[in-house]
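A.B. asks:
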Amino acid sequence: MGIGHARSPSRDAGRRPGPGADGRGGVIPRNLARRAGPAAALAVVAALAGRAAGRRPLRRVAAVAATLTEINEGHARRLAPAGNDPAEIAGLLEALGVTLDHLGRERGFAGDVAHELRRPITALRTELEDAITHPDETDVTALAARLLPCADRLEAMVADLLVLARTRVRRAGHRERFDLGERVHREVKDRADHRQVSLAITSHVTVEAVPAEISRVLTNLLDNAQRYARENVGVEVGRRGAVATLAVSDDGVGVPEPDRQRIFERFTRLGAYPERDGAGSGLGLAIVDEIARAHEGGVHVEDSPSGGACFVFTIPLVR
Numbered sequence: 036m037g038i039g040h041a042r043s044p045s046r047d048a049g050r051r052p053g054p055g056a057d058g059r060g061g062v063i064p065r066n067l068a069r070r071a072g073p074a075a076a077l078a079v080v081a082a083l084a085g086r087a088a089g090r091r092p093l094r095r096v097a098a099v100a101a102t103l104t105e106i107n108e109g110h111a112r113r114l115a116p117a118g119n120d121p122a123e124i125a126g127l128l129e130a131l132g133v134t135l136d137h138l139g140r141e142r143g144f145a146g147d148v149a150h151e152l153r154r155p156i157t158a159l160r161t162e163l164e165d166a167i168t169h170p171d172e173t174d175v176t177a178l179a180a181r182l183l184p185c186a187d188r189l190e191a192m193v194a195d196l197l198v199l200a201r202t203r204v205r206r207a208g209h210r211e212r213f214d215l216g217e218r219v220h221r222e223v224k225d226r227a228d229h230r231q232v233s234l235a236i237t238s239h240v241t242v243e244a245v246p247a248e249i250s251r252v253l254t255n256l257l258d259n260a261q262r263y264a265r266e267n268v269g270v271e272v273g274r275r276g277a278v279a280t281l282a283v284s285d286d287g288v289g290v291p292e293p294d295r296q297r298i299f300e301r302f303t304r305l306g307a308y309p310e311r312d313g314a315g316s317g318l319g320l321a322i323v324d325e326i327a328r329a330h331e332g333g334v335h336v337e338d339s340p341s342g343g344a345c346f347v348f349t350i351p352l353v354r
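With our numbering as the guide, the letters of the sequence shown map in order to residues 36 to 354.
(1) Going by DSSP in three states, HIS220 sits in which element: helix, strand or coil?
(2) Do ALA264 and GLY343 have their C-beta atoms closer together than 9 Å?
(3) To which residues does DSSP link PRO170 through a beta bridge?
(4) Can you give, in chain order, each stretch of the beta strand (DSSP E) that sits fully within the region 187–274 and has at least 3 residues?
(5) Note the first and the last residue of the continuous alpha helix (DSSP H) segment covering ILE326.
(6) The beta strand (DSSP E) that contains ILE350, what's its start and end?
(7) Based on the DSSP output, what are the partners of ASP13 in its beta bridges?
(8) By DSSP's criteria, LEU281 is part of a beta bridge. Which residues make up the other side?
(9) Give the secondary structure of PRO300 by DSSP, where H, G and I count as helix, E and B as strand, and everything else as coil.
(10) Since VAL232 contacts VAL268 with CB under 8 Å, what's their CB separation in whole angstroms?
(11) Across the region 212–227 and the region 185–198, are there enough close Cβ pairs to call them in contact, namely three or more that are closer than 8 Å?
(12) Name the DSSP beta bridge partners of ASP338, please?
(13) Can you tell which of HIS150, VAL283, THR157 and LYS224 has its C-alpha closest to the C-alpha of ALA186?
(14) Between VAL223 and VAL270, how many whole angstroms is the CB-CB distance? I'm expecting something under 8 Å.
(15) Pop quiz: VAL245 and ARG210 are said to be a contact at Cβ under 8 Å. What is the actual Cβ separation, rounded to whole angstroms?
(16) Give me whichever residues DSSP pairs with GLY333 in a beta bridge.
(17) Should HIS330 be labelled buried (16 or more other beta-carbon atoms within 10 Å of its own) or exposed?
(18) Can you give the Cα-Cα distance for THR349 and ASP286, rounded to whole angstroms?
(19) Leaving out five residues before and five after GLU243 in sequence, what residues of the same chain have Cβ atoms less than 6 Å from its Cβ?
(20) Relative to the alpha-carbon of ARG188, which residue among LEU318, ALA227 and ALA327 has its alpha-carbon at the smallest distance?
(21) Does DSSP put ARG181 in a helix, in a strand, or in coil?
(22) Confirm, please, whether the CB-CB distance from ARG230 to GLU266 is below 9 Å.
(23) Between the C-alpha atoms of ALA68 and GLU123, what's the straight-line distance to the nearest angstrom?
(24) Taking only three categories from DSSP, how would you classify PRO121?
(25) So, helix, strand or coil for GLY287, using DSSP?
(26) Assign GLY58 to one of two classes, buried (16 or more other C-beta atoms within 10 Å of its C-beta) or exposed (fewer than that).
(27) Reducing DSSP to helix, strand and coil, say where ARG295 ends up.
(28) DSSP on ARG153, reduced to helix/strand/coil?
(29) Note down, in chain order, each residue of its chain lying with its Cβ closer than 7 Å to the Cβ of ARG274, except the 5 sequence neighbours on either side.
(30) Helix or strand or just coil, what does DSSP make of ARG160?
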């Protein structure tokens with residue numbers, strides 16, 4: 036009689052589950068796997084493939100996280116999808132890329148703000164330190180006259196930054212339906228400009244907008260025109276197809292074709308009149324652009340009939 040040898044439990048415990056694994060760490064009897072046939076084999080292969088496929092996206096996410104860390108540390112500049120990324124991951128990476136671009140622009144904007152604020156603050160500090168150092172030689176009236184323009188510039192910049200921030204988060208106010216021509220006519224008549232403004236108003240140009248923001252658009256465009264005009268400034272309200280138009284023109288030097296896009300970027304100055312460029316905050320046209328976008332409209336610059344620049348602000352008409 037032969038003697039049967041029992042398997043040691045320790046030997047079985049150390050074995051790696053083979054093709055007959057039941058997914059819980061147990062072992063499927065070989066005869067059962069054989070009886071199940073190809074279907075069972077396919078199920079096992081699919082389960083293993085699913086595990087491998089599940090690990091690949093996780094490895095890709097880890098790689099993306101590493102790239103984001105490099106971007107934050109300044110060692111990388113771009114996050115781009117790989118050619119074999121699934122559609123969901125590729126879409127996520129594209130959205131992250133847009134967000135990173137936006138954050139990059141905001142970082143640049145913060146640097147621009149700091150630079151622009153530093154100039155009037157430095158001028159104020161220099162004048163005040165000189166006055167403290169030489170009190171007997173300081174003419175208070177003359178000192179105040181020199182400092183007030185710096186204070187005015189700081190005040191204008193802070194006010195425009197607040198307007199820009201409110202516009203970007205769409206919290207400036209509720210939209211109302213009104214006649215654009217009537218509002219423009221009223222506000223131009225209330226201004227005290229040093230150059231006369233000619234008006235050409237089309238009646239019954241109805242829009243739905245935030246009134247305070249439309250007033251800001253008109254103010255910024257008129258301030259810009261008054262700054263660069265030689266003699267004449269014009270305002271026209273009309274229609275072009277399905278949009279209402281507000282056009283402000285001047286007879287200055289105009290805007291060169293290559294600069295007609297970037298002029299709406301924040302703190303952009305073209306340098307045609309350096310002595311006049313410093314009078315504004317550098318944010319006026321950027322605010323106009325933000326307000327136009329917020330109202331599903333646009334703004335562009337073209338040649339003025341009088342030889343200067345004509346800024347055209349458009350928003351949808353209300354039918």
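Even glycine gets a Cβ: it sits at the ideal position worked out from N, Cα and C.
C.D. replies: On the basis of the supplied data:
(1) Taking the sequence shown and counting its residues from 1, the one referred to as residue 220 is at position 185. DSSP, read as helix, strand or coil, puts HIS220 in helix.
(2) In the sequence shown, the residue the question calls residue 264 occupies position 229. In the sequence shown, the residue the question calls residue 343 occupies position 308. Less than 9 Å divides the Cβ of ALA264 from the Cβ of GLY343.
(3) Here residue 170 refers to the residue found at position 135 of the sequence shown. None, per the DSSP bridge assignment.
(4) List check, beta strand (DSSP E) in window: 211–214, 232–236 and 241–244.
(5) Here residue 326 corresponds to residue number 291 of the sequence shown, with the count starting at 1. Unbroken alpha helix (DSSP H) run through ILE326: 319–329.
(6) Here the question's residue 350 lines up with position 315 in the sequence shown. That run of the beta strand (DSSP E) goes 344–351.
(7) Because the chain in this structure spans residues 36 to 354, residue 13 falls outside the shown range and cannot be described.
(8) Residue mapping note: residue 281 aligns to position 246 of the sequence shown, counting from 1. The beta-bridge partner set that DSSP reports for LEU281 consists of VAL272 and PHE348.
(9) In the sequence shown, residue 300 corresponds to position 265, counting from 1. According to the sequence provided, residue 300 is Glu. The question's Pro does not apply to it. In the three-state DSSP reduction, GLU300 falls in the coil class, being neither helix nor strand.
(10) For the purposes of this step, residue 232 is identified with residue 197 of the sequence shown, where counting begins at 1. For the purposes of this step, residue 268 is identified with residue 233 of the sequence shown, where counting begins at 1. 5 Å between Cβ atoms; contact.
(11) Counting Cβ pairs under 8 Å, fewer than three are found: no touch.
(12) Residue mapping note: residue 338 aligns to position 303 of the sequence shown, counting from 1. DSSP, once it has assigned bridges, lists ALA344 as partnering ASP338.
(13) Position 151 of the sequence shown, counting from 1, holds the residue named residue 186. Among HIS150, VAL283, THR157 and LYS224, the Cα nearest to that of ALA186 is on THR157.
(14) Translated into positions along the sequence shown, residue 223 becomes position 188. Translated into positions along the sequence shown, residue 270 becomes position 235. The beta-carbon separation of VAL223 and VAL270, rounded to 6 Å, stays under the 8 Å limit for a contact.
(15) Here residue 245 corresponds to residue number 210 of the sequence shown, with the count starting at 1. Here residue 210 corresponds to residue number 175 of the sequence shown, with the count starting at 1. In this structure VAL245 is in contact with ARG210, their Cβ atoms being roughly 6 Å apart against a cut-off of 8 Å.
(16) As a working note, residue 333 is residue 298 in the sequence shown. THR349, per the DSSP bridge assignment.
(17) Counting from 1 along the sequence shown, the entry for residue 330 is found at position 295. Counting Cβ neighbours within 10 Å, HIS330 comes out buried, since at least 16 surround it.
(18) Position 314 of the sequence shown, counting from 1, holds the residue named residue 349. Position 251 of the sequence shown, counting from 1, holds the residue named residue 286. The alpha-carbon separation between THR349 and ASP286 amounts to approximately 21 Å.
(19) Reading the sequence shown from its first residue, position 208 is the one you call residue 243. So the qualifying residues of the chain are ARG210, ARG212 and VAL353.
(20) Numbered from 1 along the sequence shown, position 153 holds the residue referred to as residue 188. Answer by Cα proximity: LEU318.
(21) Position 146 of the sequence shown, counted from the start, is the residue given in the question as residue 181. Under the three-state reduction of DSSP output, ARG181 falls in the helix class.
(22) Taking the sequence shown and counting its residues from 1, the one referred to as residue 266 is at position 231. Taking the sequence shown and counting its residues from 1, the one referred to as residue 230 is at position 195. Inclusion of GLU266 and ARG230 in the CB contact set at 9 Å is warranted, their separation being smaller than that value.
(23) In the sequence shown, the residue the question calls residue 68 occupies position 33. In the sequence shown, the residue the question calls residue 123 occupies position 88. With a pLDDT of 46 at ALA68, under the threshold of 50, the modelled position of this residue cannot be trusted; read the value that follows with caution. Distance from the CA of ALA68 to the CA of GLU123, rounded to the nearest whole angstrom, comes to 37 Å.
(24) The residue given as residue 121 occupies position 86 in the sequence shown. In the displayed model, PRO121 falls within coil according to three-state DSSP, outside both helix and strand.
(25) The sequence position of residue 287 within the sequence shown is 252, counting from 1. The three-state reading of DSSP puts GLY287 in coil, since its state is none of H, G, I, E or B.
(26) Against the sequence shown, residue 58 aligns to sequence position 23. Reliability of the predicted coordinates at GLY58 is poor, the pLDDT of 47 falling under 50, and the value obtained from them is presented with this limitation in mind. So GLY58 counts as exposed.
(27) For the purposes of this step, residue 295 is taken as the residue at position 260 of the sequence shown. Correct three-state label for ARG295: coil.
(28) Counting from 1 along the sequence shown, the entry for residue 153 is found at position 118. For ARG153, the three-state secondary structure derived from DSSP is helix.
(29) Within the sequence shown, numbered from 1, the residue matching residue 274 stands at position 239. Excluding residues within five positions, the ones whose Cβ falls inside 7 Å are THR237, VAL240, THR280 and LEU352.
(30) Taking the sequence shown and counting its residues from 1, the one referred to as residue 160 is at position 125. DSSP places ARG160 in helix when its eight states are reduced to three.
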